[in-house]
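Have a look at the structure below, then the notes.
Residue numbers (the numbering used here): 844 to 1351.
Laid out in structure tokens, this is it:
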């Protein structure tokens, strides 16, 4: 039965096709019969000419939309419209352009770091420390290479001769003066006036532990003056620290726009990676001289550094001098630029204070007491009755270099001005692991406790190259002091080598 039905269906389809063909032929005849012969010939010639024209056209191989882009080429958007040539050029502020470029680098560095640490966590462990207590840092891609400079910075020169006399002359140059304090206060007033319309409730404070009017090497990279805006009301969508960090950066961008737009300040660089984002500006100081400053919002370290500096100076005036010498030496030798992975001036201040607490010889006794009471209640501790009263700041500075070169154990000891004694890192202080350029070799980095936040390791900013440079500069400084070389040679501004050494710094 089914066979008969299929046969009938086939016959009906054949009859339908026959009727369709008959209708097509009839329609064609109805269209052609009224035409004359020359009309038909003209239509035939036109059809042949069109076919010939299509045959002579070059063939274009169209790429499928699903086919991937060739390797090494950037994919283009299909619906991307060309830019209008008549529209005005949209200019991006330089500090925002650098921030956008840094964001891409951070994403790439984070991806590479995740890959490295996935291997590291599966194998190596540092003294069985919990993963939550281990911090890492990305290794830089290559060592710094010397670049030509239009205005090279030379080593300082001194009128006096001899180590003690040269140190005394240097301290007169770098110590804060009434003129430098007045210049910083003038900058504070200028910032307050420029931001009055945008942030009328903001409080502006200025700090300078040194003399910002004395030109030094790396003056823009490591400014002596800090300007801090304190905004008490910073409402966010939630109380998370990430939101507060975003608000800090947004306020810094707003302030930078206002200050640079006023024409009085010039933008130099931004540093948004750390816990306290900031920008570096050039501020006018009058008399044709400009002062580089760090501008930050709700930052605590400038307040804390200034408080420790003044407190140690009240306990012993030589402590101030040693701090100034250490900070100037670290700045001139290029190991004080936190954006490059080095210790910040605030951290160098802590290293100098800790040496005066725990680094002097046993028979001399400490020059400064532990600062735990000062950290908790701002109460100045009792001055130490040390026997080292005869030592000058110049001799103490030599002892600083010797202590951190030969006596301090960077792996097993921690710098803690709160305790003021030599001891291993506290369990709450994260261990900092330095990852070398090969992606496999690791070493324990420095442990430097923030006295105002005992669970924060200020050495986390360092990478393995910066830590190597620190050890190298400490050794160099100690050797120069031991051989009786001049202070000018010790403070000769550091410059990177002209050519990168083979096999070094090939991976980030």
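Backbone N, C-alpha and C fix where the C-beta goes; we use that ideal spot for every residue, glycine too. The structure presented is a predicted model; accordingly, all values stated were derived computationally and were not measured.
- For residue 1126, no alpha helix (DSSP H) encloses it; the enclosing beta strand (DSSP E) starts and ends at 1121 to 1127.
- Under the Cβ criterion (8 Å, minimum of three pairs), the region 1088 to 1097 does not count as touching the region 1147 to 1164.
- If you look at residue 1214, you'll find it isn't in any alpha helix (DSSP H); DSSP assigns it neither H nor E.
- DSSP, reduced to helix, strand and coil, places residue 1054 outside both helices and strands of the structure shown, so it counts as coil.
- Rounded to whole angstroms, the Cβ separation of residue 1306 and residue 1184 is 4 Å, and the two are in contact under 8 Å.
- Burial check for residue 880: the Cβ neighbour count within 10 Å stays below 16, so the residue is exposed.
- By the Cβ criterion, the region 1245 to 1264 is not in contact with the region 1168 to 1183, since fewer than three pairs of Cβ atoms, one from each stretch, lie closer than 8 Å.
- Shortest Cα-Cα distance from residue 1001 to any of 1334, 1338, 1339 and 1260 involves 1334.
- Distances from the alpha-carbon of residue 1196 to those of 1120, 1218 and 1152 put 1152 closest.
- Rounded to the nearest angstrom, the gap between the Cα atoms of residue 1237 and residue 1165 is 8 Å.
- Residue 1050 places its beta carbon 9 Å or farther from that of residue 1025.
- In the three-state reduction of the DSSP assignment, residue 1005 falls in the coil class, being assigned neither a helical nor a strand state.
- With respect to residue 1045, residue 1027 sits apart: the two C-beta atoms are not nearer than 9 Å.
- Bridge partners of residue 1073 according to DSSP: 1046.
- For residue 1109, the pairing in a beta bridge is given by DSSP as 1125.
- For secondary structure counted as the alpha helix (DSSP H) over 4 or more consecutive residues, the region 1287 to 1330 holds these complete runs in sequence order: 1307 to 1325.
- Annotation for residue 1241: 1324 place their beta carbon closer than 6 Å to its own, counting only its chain and skipping 5 residues before and after.
- In this structure residue 1021 is exposed. Its beta-carbon is surrounded by fewer than 16 other beta-carbon atoms within 10 angstroms.
- Contact check for residue 1204 and residue 1262: beta-carbon distance about 19 Å, past the 8 Å limit, so the pair fails to qualify.
- In the structure shown, residue 870 falls within a helical segment according to DSSP collapsed to helix, strand and coil.
- For residue 1193 and residue 1100, the gap between their C-alpha atoms comes out near 34 Å.
- Under the three-state reduction of DSSP, residue 1037 is assigned to helix.
- Take residue 1014, set aside five residues on each side of it, and the residues of its chain with a beta-carbon closer than 6 Å to its own are 1164, in chain order.
- Around the CB of residue 1175, 16 or more other CB atoms lie within 10 Å, so the residue is classed as buried.
- In this structure, DSSP gives residue 891 a helical state, which the three-state scheme calls helix.
- When rounded, the separation of the alpha-carbon atoms in residue 1172 and residue 1052 is 14 Å.
- Residue 1126 places its beta carbon less than 9 Å from that of residue 1034.
- For residue 1123, the closest C-alpha among the options 1066, 1253 and 1154 is that of 1066.
- Judged by DSSP secondary structure, residue 1144 falls within the alpha helix (DSSP H) whose first and last residues are 1144 to 1158.
- Sequence-distant Cβ neighbours of residue 1017 in its own chain, meaning closer than 7 Å and more than five residues away, are 1053, 1054, 1057, 1167 and 1171.
- DSSP places residue 1193 inside the alpha helix (DSSP H), whose first and last residues are 1188 to 1197.
- For residue 1279, the secondary structure class from DSSP, reduced to helix, strand or coil, is coil.
- Separation of residue 1297 and residue 1332 (C-alpha to C-alpha, rounded to the nearest whole angstrom) is 37 Å.
- Beta-carbon to beta-carbon, residue 1211 and residue 1199 are separated by about 4 Å, close enough to satisfy the 8 Å threshold.
- Between the alpha carbons of residue 1148 and residue 1221 lies a distance of about 13 Å.
- Under the three-state reduction of DSSP output, residue 1137 falls in the strand class.
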